[in-house]
Amino acid sequence: MILGEHDFAKIILNEDDNINKFKRTIEQDRSQIDNDINLLKSEFNNIFEDLKVKLYQDLDKKHKEYFSNYTLFKDKFSEYESQLSAL
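Residue numbers for the sequence shown, in my numbering: 1 to 87.
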């Protein structure tokens, strides 16, 4: 297709409109990217918070097991100590 003078005049006359449309499109795309990145950040924060809670739960469980075993060991030791002193 060959463009005529009328077509070129139309393109030139619409240049400002075309540039403004292009700028609006760029701003909309940037806004969408910002929105997507913020959603992604939020999801990552949620994942890390869940992970932190899980790690704290595991740590609490290990501490409870340790103190439970320590108490059991201490009780057994006291029992043996009592038996030895009874001899």
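Note that beta-carbon positions come from the ideal geometry of N, C-alpha and C, so glycine has one too.
Exercise. In this structure, does DSSP put Asn18 in helix, strand or coil?
Worked result: Residue state for Asn18 is assigned as helix, using DSSP reduced to three classes.
Exercise. For Ile37, which three-state DSSP category applies?
Worked result: helix
For this session: Could you spell out the range, first to last residue, of the alpha helix (DSSP H) harbouring Leu13?
Result: Going by DSSP, Leu13 is part of the alpha helix (DSSP H) stretching over 5 to 13.
For this session: Could you give the DSSP three-state label for Leu87: helix, strand or coil?
Result: coil
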